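Peer 1: So the number in our numbering is just where the residue sits in the sequence shown, counting from 1, plus 3. Idealized CB from N, CA, C, for every residue including glycine. These numbers come from a predicted model, not from an experiment. Below is the structure I would like to discuss, written out as structure tokens.
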Amino acid sequence: MTDSDSARWEHFEHMADIGVRGFGATPDEAFSQAALALSAVICDPASIRTTEKVEVECEAADLELALADWLNALVYEMSVRGMVFGRFRVDIAHDRLKGIAWGEPLDPLRHRPAVEIKGATYTELKVEREAGGLWRAQCVVDV
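Here you go:
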């Protein structure tokens, strides 16, 4: 569920790793879409039931560092909880990010995970407002 019709995510090629990119009307929405792109590296987000809620908080000096911290926090939560996430909400205020991820325990037969993500990197890390007014949040994830 998104706040605007312009919210979307995509992958981009980067040697052996995978780039994730989220777009939205606000940085919050772009971060949510980047997290959805992160999930889509692992499995089809449509296959994920969003029955369990996990809260995440990060602090960072700028939006780019906040994006890397947010995605790495999600990778950590997926790893230690054995979960996948299919829906996200992000609220960014000043240097603090508060996020919620909804998902369920990983079911290898139903989710059919493609890869395990090791972490978000600073490679091609960028959060910016594009000429058309949309925000773009992107980085490369190590798989």
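CA-CA distance, F26 and Y125?
Peer 2: Approximately 18 Å between the Cα atoms of the pair.
Peer 1: Give the range of the beta strand (DSSP E) segment to which E119 is assigned.
Peer 2: Neither: E119 is in no beta strand (DSSP E) and is coded neither H nor E.
Peer 1: Since A96 contacts V59 with CB under 8 Å, what's their CB separation in whole angstroms?
Peer 2: A96 to V59, Cβ: 15 Å. No contact.
Peer 1: Taking contact to mean 3 or more Cβ pairs, one atom from each stretch, closer than 8 Å, check whether the segment 32–49 and the segment 72–88 are in contact.
Peer 2: Touching, yes, given that three or more Cβ pairs across the two stretches are closer than 8 Å.
Peer 1: Among the residues of its own chain, which have a CB less than 7 Å from the CB of A50, if the five just before and after it don't count?
Peer 2: It is Ser, not Ala, that sits at residue 50 in the sequence shown. Hits under 7 Å: R113 and H114.
Peer 1: Thinking I120 and V83 are a contact (beta carbons under 8 Å), I'd like their distance in whole angstroms, please.
Peer 2: That pair is no contact at about 13 Å.
Peer 1: Would you tell me roughly how many angstroms separate the C-alpha atoms of E131 and A33, rounded to the nearest one?
Peer 2: Cα to Cα, the separation comes out at about 10 Å.
Peer 1: By the DSSP assignment, the alpha helix (DSSP H) with L68 in it spans what residues?
Peer 2: L66 to R84 is the extent of the alpha helix (DSSP H) around L68.
Peer 1: Where V23 and E127 are concerned, what is the direct C-alpha to C-alpha distance, given to the nearest angstrom?
Peer 2: So the alpha carbons of these two residues sit roughly 10 Å apart.
Peer 1: Can you tell me whether S42 is buried or exposed, with buried defined as 16 or more other CB within 10 angstroms of its CB?
Peer 2: That one is buried.
Peer 1: Is it buried or exposed, F15, if we count other Cβ atoms within 10 angstroms and call 16 or more buried?
Peer 2: Exposed is the call here.
Peer 1: With DSSP as the reference, please indicate the residues paired to H14 in a beta bridge.
Peer 2: According to DSSP, which records beta bridges pairwise, H14 is partnered with V23.
Peer 1: Run through DSSP, which three-state label would I45 get?
Peer 2: Helix.
Peer 1: Who does G106 pair with in a DSSP beta bridge?
Peer 2: DSSP lists E55 and F88 as partners of G106.
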